[in-house]
Amino acid sequence: MQVNPDRVVYDTLQIDGKKVVDIQIGKILAGTLFGTTNSKSDPKNHPTYYRNNSFGSWVRSGSALSSRVEIGNYPADL
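Last residue of the sequence shown: number 1036 in our numbering, and the count goes up by one each step with no gaps.
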């Protein structure tokens, strides 16, 4: 934080009526993010199926499920 103060973002959250300061360095979001892609080639090459409940029938989706994984030695990667 002292080396690169331009990468530090301070945000204030209110939790149970108390203000809590959230400090983020460089907006790094480590973890797994899921989403869908609407590219025309992805559903054709990577078909995805879903069902509305455990007993429902499988239906082919119009989009493909995609994920992105970010890992690192935070905050050493800064």
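All C-beta atoms, glycine included, are put in the ideal place defined by N, C-alpha and C.
Residue i versus residue j - alpha carbon distance
i, j, result
"Trp1016", "Asn1010", "8 Å"
"Ala1022", "Gln960", "43 Å"
"Asp1035", "Ile973", "Annotation note: pLDDT 48 at Asp1035 (below 50); position unreliable, no value reported."
"Asn996", "Val978", "38 Å"
"Pro963", "Ile981", "11 Å"
Enclosing alpha helix (DSSP H) for residue i [first to last residue]
i, result
"Asp964", "Premise fails: Asp964 is in no alpha helix (DSSP H) and is neither H nor E."
"Asp1000", "Ser999 to Asn1003"
Within 8 Å, strictly: CB atoms of residue i and residue j
i, j, result
"Thr1006", "Ser1019", "yes"
The segment 992-1011 / the segment 966-974 touching (three or more Cβ pairs under 8 Å): Verdict: no, contact absent.
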